[in-house]
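**Q** Protein chains in written order, with this note's numbering: chain A, 1 to 286; chain B, 287 to 558.
Here's a structure for you.
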Amino acid sequence: MHSPRTAYWFLAPALILYLAFVAVPIAQVVGYSFFSWDGGRLDQFVGLANFARLGSDTVFWAALWHNAIWVVLTLAFPLLAGLLLSAILAERRPNTVRALAAIYFIPRTIPLVVAGIIWGWIYNPIFGLLNYGLEAMGLGQFGHAWLAEESTALLSLNVVGAWTFFGFCVVIYLAAIQSIDPSLYEAADIDGAGWGAKFRDITVPLLRNSTLFLGLYAAIEAMRFFDLIWVTTQGGPGYATEVLTTHVYKTFFLVGDFGYAAVLSVVLLIIVLSLASLSFWLLRSK
Amino acid sequence: MKTTTRPIQTLVLAVFAIYALAPVYLVVLASMRSEADLFSGPLSLPWPFNLENFRRVWSESGFSTYFWNSMVISLSVTIIVLLTAPLAGFAFAKVRFRGREALFALFLAGLVVPAPSVIVALYGNLQALGMIDSRLGVILPQAALLTPFSVFMMRTVMQDVPDELIEASTMDGASLIRTFVGVVLPVVRPGLMSLMLIVFLFSWQEYLLPLVVLQTETLKPITVGAASLQGRYGVDYGGIAAAGLIAFAPLVLLFLLLQRSFVRGLSAGAVK
C-alpha cells in the first residue's frame, strides 16, 4: 500500500543505534573468544582453546549452579505467590484489587541497587532488623550473618529478588484472570465446588500461558541479573553467590583476561538466546 | 467452608502487603531518625522528625549532583527511544518490505541480551570513540539496549491502528511520514506514554553501564552514588536510608500517579 522503501528510512535510526551498540559488540565478543590476548590487545587465533578452559573453571560451574538455583527458587516462590494472590484478588472489589496490586508492585519500581542496599541493612548481623526482630521474639538463636555465611547468602538474596518480582507476577496473572469467562466459576459454584477446587480446576489450567511466560521470563532474568549481587556480596562469601554475570565482570575488569571473559559472555548469550527461542516457540505453537 | 477460607485469604493478602511495604517503611523511618534517637529501636517512630540526613547527603555527599545526572541521562535515553522506536514499530506493523521478518528477528534477539555480556566489546569500542567518562557513553548504549523492548512494544501498539485510517490519509496524498506524525501518533498516545514511563524507569534503575563508563564523580547517576555511599560511610544508616529514599522516591511517585500506563506497558509483551 505504500512505497516499501520508506520503511527502511523509518527503521534506520533504531537499527543503526541497535547495531552500533548491541549487535556489533555481540559479534565482536564472539570473535574475541577465539583469540589469545596480550595486555588488552588481540594476539593470535587460538580456535577453541579459550573454551576448553571452561571445563576446569570451578567458579564457572559454581556460578552456573547458582543461576540454576535462582531459577528454581523464583519459580517456587514469587511465581507461586503471584498466582495465589491474583486468584484471591480476582474475587475482591475493584478498588481493593487496584490498591493491593499497586502495593505489591512498588518494590519493582525500586532500583535493584537500592533494594540491595536496603536489604543489606535488614540482614546486617549487628544492626540489622531481621536479627533484631528474631531477638525480640525470643528466637535470637536463629540469627545469622545472613549475607556473610555461605549457607544463607544465596537464599537471603533470593528473598530480595522475590520481593521485587512477585508484584509483577500478580499484575500479569490479574490481566489474564480478568479474561477468564466468569460463567465457568458460576457453573462451578452451582456444582458446589469450593475455592480450592476452583483454583485447581479452572484458574491454574487457564493461566497456563501466563505461567509459561512468567516462568521463562524469570529464567531469563535469573541469567541476566547483576546489580543485586554486585552491590551486596560481589559474589561472596567465597564464591557462594557468584553468578555468570559477576564472573564475566570480574574476569574482564579485575583479572583483565579478555579472551576468557569473551568466552563467558558467549556462554551467557547462548543460554539466554536458547531460553528466548524456547519461549518464543512455546508461546507461538498453540 | 466459605466462612473459614475468606479470613485466611485476607490474611495472606495482608502478609504480602507487609512484605512489600515493610522495607520501604523502615527506610522512611530510618531516614528521619536523628543520631540521638538511634537507640530507641528501629521500629519506634522517629521523633522529632529530623531532616538532617537528607540535608547531609543532598548537599555534602553530592546527591544533588547524582540526582541531576540521573535526570539528564534518563531523560536523554527516553527522548532518543521515543524518536526511534515508534518509527521502527510502525514500519514493522504496517508496511510490507523485503527482509521484514529477518530484521524483526534481529531486534527480537536483543530482547534478552544481558548488558554484562556486551560490555567486554562495548567498553573497548567506547574507548576508541572517546566516549569513556562521558554522558554520551552511557546514554547511547543504554538507549540501544532498550531499543529491542521498545520496538517490540511499539509494533504491538501500532498493530491496533486501523489500516483504513492510514489509507485514508495516504489516499489524500499525504506522505507516509506525514501520515505517521499527523494521524498515527495521536492515536497511539497512550502507548507512547507507557513507553516513555518504562524507558525512564529502566534508565533510572541502570547501574552497570554508568558504573564502568563514568569515572568522574560529578557525572555519576544516583544508583552509582548510592552504592558508593554504602561503602564510604559503613554504618551511617540514616544517611544511607535518606540516599536510598532520594533514589527511589521519584520512581515510586511516578508509578503511583500513572499506575495504569505503567502496567499496560510492562504487560505489553506478556499478552501477545
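Note that beta-carbon positions come from the ideal geometry of N, C-alpha and C, so glycine has one too.
(1) Mind checking whether residue 239 (chain A) and residue 59 (chain A) have CB atoms under 7 angstroms apart?
(2) Compare the Cα-Cα distances from residue 397 (chain B) to each of B:432, B:370 and B:376 and report the closest residue.
(3) Please confirm if the region 264 to 278 of chain A is in contact with the region 113 to 130 of chain A, defined as three or more CB-CB distances below 8 angstroms between the two stretches.
(4) Tell me, please, whether the CB atom of residue 474 (chain B) is closer than 7 angstroms to any CB atom in chain A?
(5) If you follow the alpha helix (DSSP H) that residue 273 (chain A) is in, where does it begin and where does it stop?
(6) Hey, could you find the ends of the alpha helix (DSSP H) residue 490 (chain B) is sitting in?
(7) Taking only beta-carbon atoms, is residue 313 (chain B) less than 7 angstroms away from chain A?
(8) Determine whether the beta carbon atoms of residue 383 (chain B) and residue 4 (chain A) lie at a separation below 7 angstroms.
(9) Is it right to say residue 287 (chain B) is buried, meaning 16 or more other beta carbons lie within 10 angstroms of its own, or is it exposed?
(10) Distance cutoff 7 angstroms, beta carbons only. Does residue 287 (chain B) sit that close to anything in chain A?
(11) Contact between the region 167 to 174 of chain A and the region 183 to 201 of chain A is defined here as three or more beta-carbon pairs at a separation below 8 angstroms; is this criterion met?
(12) Measure the C-alpha to C-alpha separation of residue 472 (chain B) and residue 444 (chain B) and round it to an integer number of angstroms.
(13) Under the rule that 16 or more other beta-carbon atoms within 10 Å means buried, what is residue 331 (chain B), buried or exposed?
(14) Starting from residue 291 (chain B), find everything on chain A with Cβ-Cβ shorter than 9 angstroms and list it in chain order.
(15) I'd like the list of long-range same chain contacts for residue 356 (chain B), defined as Cβ closer than 7 angstroms, with 5 residues on each side in sequence excluded.
(16) With a cut-off of 8 angstroms, do at least 3 Cβ pairs link the region 206 to 218 of chain A to the region 144 to 151 of chain A?
(17) What whole-angstrom Cβ distance do residue 516 (chain B) and residue 532 (chain B) have, given they're in contact under 8 angstroms?
(18) Kindly indicate which three-state DSSP category residue 146 (chain A) falls into: helix, strand or coil?
(19) Which chain A residues sit within Cβ distance under 8 angstroms of residue 396 (chain B)?
(20) Return yes when the Cβ of residue 118 (chain A) is within less than 7 angstroms of the Cβ of residue 524 (chain B), no when it is not.
(21) Where residue 350 (chain B) and residue 367 (chain B) are concerned, what is the direct C-alpha to C-alpha distance, given to the nearest angstrom?
(22) Could you list which residues in chain B have their beta carbon closer than 9 angstroms to that of residue 119 (chain A), in chain order?
(23) From residue 87 (chain A) to residue 203 (chain A), what does the alpha carbon distance come to, in whole angstroms?
(24) Check whether the Cβ atoms of residue 374 (chain B) and residue 19 (chain A) lie closer than 7 angstroms to each other.
(25) Do we get a CB-CB distance below 7 angstroms when we pair residue 199 (chain A) with the residues of chain B?
(26) Can you give me the C-alpha to C-alpha distance between residue 269 (chain A) and residue 62 (chain A), rounded to a whole angstrom?
(27) Name the residue from B:409, B:312 and B:294 whose alpha carbon lies nearest to the alpha carbon of residue 253 (chain A).
(28) Taking the beta strand (DSSP E) that residue 42 (chain A) falls in, what are its first and last residues?
(29) Do the CB positions of residue 423 (chain B) and residue 480 (chain B) come within less than 7 angstroms of each other?
(30) In chain B, what lies closer than 8 angstroms to residue 122 (chain A) by C-beta?
(31) Around the Cβ of residue 242 (chain A), are there at least 16 other Cβ atoms within 10 angstroms (buried) or fewer (exposed)?
(32) According to DSSP, which residues form a beta bridge with residue 36 (chain A)?
(33) Are the C-beta of residue 207 (chain A) and some C-beta of chain B separated by less than 7 angstroms?
(34) Given the structure, does residue 116 (chain A) come close to the ligand PLP, in the sense that its CB is under 6 angstroms from one of the ligand's heavy atoms?
(35) With residue 188 (chain A) and residue 67 (chain A) assumed to form a contact (beta carbons below 8 angstroms), what rounded beta-carbon distance in angstroms separates them?
(36) By the 8 angstroms beta-carbon criterion, what residues does the region 223 to 241 of chain A contribute toward chain B?
**A** In short:
(1) yes
(2) Of B:432, B:370 and B:376, the residue nearest in Cα terms is B:432.
(3) no
(4) no
(5) Annotation: the continuous alpha helix (DSSP H) that includes residue 273 (chain A) extends over 258 to 284.
(6) 475 to 491
(7) Yes, contact with chain A.
(8) yes
(9) Low confidence applies to residue 287 (chain B): its pLDDT is 45, below 50, so where it sits in the model is not reliable enough to give any reading.
(10) Confidence at residue 287 (chain B) is low in this model, with a pLDDT of 45, below 50, so its placement is unreliable and the value that follows should be read with caution. Yes, residue 287 (chain B) counts as interfacial toward chain A.
(11) no
(12) 11 angstroms
(13) exposed
(14) 194, 195 and 196
(15) 490, 507 and 508
(16) no
(17) Incorrect: roughly 14 angstroms between the Cβ atoms, too far for contact.
(18) coil
(19) 18, 22 and 23, listed in chain order.
(20) no
(21) 26 angstroms
(22) 309
(23) Going from the Cα of residue 87 (chain A) to the Cα of residue 203 (chain A) covers about 7 angstroms.
(24) Cβ atoms of residue 374 (chain B) and residue 19 (chain A): not closer than 7 angstroms.
(25) no
(26) 18 angstroms
(27) B:409
(28) 41 to 45
(29) No, they are not a contact pair.
(30) Listed by position along chain B, the residues whose Cβ is nearer than 8 angstroms to that of residue 122 (chain A) are 309 and 312.
(31) buried
(32) A:44
(33) no
(34) The model on display carries no ligand, and the ligand PLP is accordingly not part of it.
(35) The C-beta distance from residue 188 (chain A) to residue 67 (chain A) rounds to 40 angstroms, too long to fall under 8 angstroms, and the pair is not in contact.
(36) Closer than 8 angstroms at the C-beta level to chain B, one finds these residues of the region 223 to 241 of chain A: 223, 224, 226, 227, 230 and 231.
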